[in-house]
Structures are given as structure tokens and as C-alpha cells.
Amino acid sequence: MPCVAFALLFYTLLGTAQLTATAGCPARLRFGNGPPSNCTKFTDPKNLPKSKLESWFTKEMFNDLFPKANLGWGPHECSPYNYESFIIAARYFPEFASEAPNNGYTADQNYKRDMAAFFAHAVQETGENDANLYTGNRSKEAADDCFYRGGFFNWFEGGPTSLFLPPNAPGHHPKDGELCQAAGRYCISNDELDYFYPCNNDTSGQFYKGCYFGRGAIQLSYNYNYGLFSMWLNSNGINVDLLRNPNLLMTNTDPPLAIMGSLWFYMTPQPPKPAMHDIVMGQWDPGNSNRAAGYSGPIFGPTSLIINNECNGEDATEPGGGGESRRIKAFKWFCKYFGVPAGEDRVLTCKGMPTTLDMIPGKKSLQPDWSTTWKTAPCKCAPANYGGMIPYFDQGRYPDRLVAKNAENEKRCVQTIYDNPSMYGMFPKTSLCLTVM
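Numbering (mature numbering (1 follows the signal peptide of the UniProt record, and there is no 0)), first residue to last: -17 to -1, 1 to 420.
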């Protein structure tokens, strides 16, 4: 059986598949029944002001870049990925595609390189990624233009038809992610995680409700990331419990979260890792060995370390394999689309970085102050050289807006000691500070 015919049969067997064409590109597959005719429109409960990016990045540009979004049906007001969802998310991160540090690039170049980096990771994580576009007589440029317009295609990890999900809810509707097979749980459990980010262990028949597999534009995954994002939402006055109901990432409308959760991950450092945004802006501390090797300033390469620990470089073939190679090629394409420089090829990959981000010296988390726990005085917390549940933002390594969070985080750390000392291995007989409030 010819390969194309086999592929169509394969997709049809897995789920509803239809063909539709994008202008200038071959027909593409569409999964499911498409968006409903009526739905609850996306809104922002905080009614935040417009982001600076809205002055230059338009709905027409979004629709041009992502004609295959939402399982091939394209951007739609009733589907998770659309311009409205994107700009609502961006308003919660006013620095995104709107920050212009003095890093050698113009303000316009910084804005567009930042957006290009986010979109590049979305292509790798949830793109259609149809290598057949490079077969036949199509030029490389034409094939690129179709291939990299395939971002925001999938909703769920393993999509468009995800084997993590029940057979009768394969991922063709946002609500399909409410239950999962055991393989989709992505629940990491230990004393600290069970306290900070406990998994929902409820079941429905043979399926689980606490499912933390990848969802959204760059696939937010694992209970700790759902918990961290949920905590950030709550701190912004948005009462959503993603640990209890993780599929709200795809179904919540006030505000929509499918893009916001991914933008939160892109914009938020988790020490010892800086934010991907801050690397692209050049606002990160690479350490002495990386700096000496040229890995410093506003570059793209180390962002692949953050999202999936990939440092294999760019493939010579087109479209090449997935992973870091696809991220690099997509970043180049989006930079070309926006008319901005991608930067030196050598630092588009993290392959040559001598020191990984977790090995760069510095304070990384707040922990019990072990030098004082034996005293009959209130327990304290102090910065530690290893990672943990409560981040510490080292002065000089992170932007001032994050360093300002250290005092609040220290209070939270102290509270956790008294709430659950055993997770730190602390007990009243040996840690006398527990006897004093």
C-alpha cells in the first residue's frame, strides 16, 4: 500500500480525519468535528490593559501563522488556540514580546525574537510536523512555509489522537482530557511534593482524574508544574485548582489557559533554571565557563535545555528530526517571517555549552536554616545551593522583579517548617526551633 494511502487509513482508524487545504499548501488532515457553532466566549476576569505587543502583532498575523491550529480546523473563538486566547495570556506577562533591554538588538528585534522563540517551541511541542511536505517537487522555501505554519495543532500529549486518553474520548474535544489511562498520570510523589503539589488520586472506573500529561501550546506537564501555575493564578486573583481539575487548562474560559499556561512556563524561572524569556533577552547569568565559551547574552540555544533538556544540535536534512533541531529550525523560520536576526548559528544550540544550567554556582532555593534549627529560637530559612520547592532568586542572576519575591518566599518557607517539619527530616527532639513560634 502506498505510504500516503496507509497514513490516511491509519489516521482514519485512530479517529475522525478529514482533509482540508491551506492556501499555498497541500490538503491537511482535520480531526474531530470541529468547533461548535456556539460557545462561552473567552474573557479576562481581571480586564487587564492591552499588552504592547498588540500594537504590532495582529489577529491577521496570528491566523496567517497558525492556519492548522486546533487539530487542523484553524483558529476559532470556540477553540483553545486563537488570537483572543493569546492576547489575554500576553496581558498577564507584560514583558513578553514587549521588553527592550540594552543587549545589542533594537527594541523591535527584541520583541519579535522573543515571540519567535515561544512560537518555535510550540511548533516542536504541538505542531502538525508533517515531513511529507518536503517530498515531491516543492522547493525548500515553500515546504518551510507550510511546515512551520503547523504550530498549535495538538491539544494533548500524543495527539491528535492520544493513547493517554480513553478510547471514547481520544483527544478531539477539549473535554476529552478529563480522564486518562495510568500512563497519562505524570504524578511525581514524595514527602515534599505530596505537601506542596499533591496529585488528585480519584478514579472513574478504570480511568484516573488526576492526569498531568502534557496539555496546551508547549505541553505543561507533571503535577508540580500544574501546581506552580495554579498557585501563580491564585496569586493573581484567579481561583482555579489545576491539581484537582488539571483539564481546566484546556476548558477554562475566564480566563482561557491553554496558551497562558505555556506562556507562564516560558516566562517564569525555576531556579537553577532562568526563564526562557530572560535568556532570549540576555538577562541571565551563564556562569564563567559558559561566558568564556560565548554562551551569554541574548541567545536561543539554552532555552532547549530548559524545556526538555535537549542539546543535540541542528540536523543537516530537512525538516530533520524532532527535539532541539526542530526548535532551532522553527526559530530561524519565525525570525525570517518577522524580519529579525536569529543570531549566530553556534549559539542557537546548547550543544557546545560547557556547563549545564543546574551546575552554575549560586543560591537556588530556600531551605530550613540548618545552622540554627538546634536552637530554642524560632525556625528560620536561608538560601541553599541546591534546588527545592521554594525558589530563591539570587541577586544579579535574576531580574529585580523576581528578587523582590524572596522576602515573601522566605515567610512561606518558615510556615512550611511548622506545618510539616517531617518532610524536611525535622522533629522536636532534635530541631528545638520547632518548640518556639
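Just so it is clear, CB atoms sit at the ideal spot from N, CA and C, and this is done for glycine as well.
Inter-residue CB distance, L288 and W357 (contact presumed, cutoff 8 Å): So it is not a contact: roughly 39 Å between Cβ atoms.
Inter-residue CB distance, P157 and M233 (contact presumed, cutoff 8 Å): 4 Å
Burial state of P58, where buried means 16 or more other Cβ atoms lie within 10 Å: buried
Segment limits, alpha helix (DSSP H) that includes C396: 389 to 402
CB of F376 within 8 Å of CB of K388, strictly: yes
Continuous beta strand (DSSP E) stretch holding R227: start and end: Per DSSP, R227 belongs to no beta strand (DSSP E) and is neither H nor E.
Three-state class that DSSP yields for Q107 in the structure shown: helix
Sequence-distant residues of the same chain with beta carbon closer than 6 Å to N392, five excluded per side: L349, I373
Backbone CA spacing between P404 and L48 [nearest angstrom]: 51 Å
With 16 other Cβ atoms within 10 Å as the buried cut-off, status of G142: buried
Contacts around G244, its chain only, beta-carbon distance under 7 Å, and the 5 residues preceding and following it disregarded: G199, L203, F212, L232
Spatial distance of P239 from Y205 (CA atoms): 20 Å
Cβ-Cβ separation, F147 to C163 (assumed contact under 8 Å), whole Å: 5 Å
Coil, strand or helix - C170 by DSSP: coil
DSSP three-state assignment for K346, whether helix, strand or coil: coil
Identity of the residue in Q398, K315, A72, P337 nearest D128 by Cα: K315
Pair within 8 Å by beta-carbon distance, E307 and E327: no
8 Å Cβ cutoff met for N184 and G193: yes
DSSP state of K256 mapped onto helix, strand, coil: strand
Sequence-distant residues of its chain with Cβ nearer than 6 Å to V323 (five each side left out): Q92, K95, R96
Continuous beta strand (DSSP E) stretch holding R13: start and end: 10 to 14
According to DSSP, residues forming a beta bridge with Q378: Y381
Short CB-CB distance (under 8 Å) between M214 and chain B: The structure shown has no chain B; it contains just one protein chain.
Identity of the residues DSSP links to R198 by a beta bridge: F139, L203
Cβ neighbour criterion (16 or more within 10 Å) applied to F410: exposed
First and last residue of the uninterrupted alpha helix (DSSP H) at A165: Segment: none, A165 is in no alpha helix (DSSP H) and carries neither H nor E.
Residues that P366 bridges to, as DSSP identifies them: L349
Integer Cβ distance of G270 from I343, believed to fall under 8 Å: 4 Å
CA nearest to the CA of L340, picked from P302, K24, G284: G284
Outcome for N368 when other beta-carbon atoms lying within 10 angstroms are tallied against a minimum of 16: exposed
Chain-order list of residues whose beta-carbon lies under 8 Å from that of W215 (same chain, five-residue window excluded): W247, T251
Straight-line gap, G87 to A276 (C-alpha atoms, nearest Å): 19 Å
Length of the line joining the Cα atoms of S354 and I262: 34 Å
Runs of alpha helix (DSSP H) wholly within the segment 251 to 303 (minimum 4 residues, chain order): 259 to 264, 271 to 275, 286 to 291
Rounded C-alpha distance that separates L406 from N208: According to the sequence provided, residue 406 is Met. The question's Leu does not apply to it. Distance between the alpha carbons of M406 and N208 is about 20 Å.
R309 beta carbon less than 8 Å from that of G303: yes
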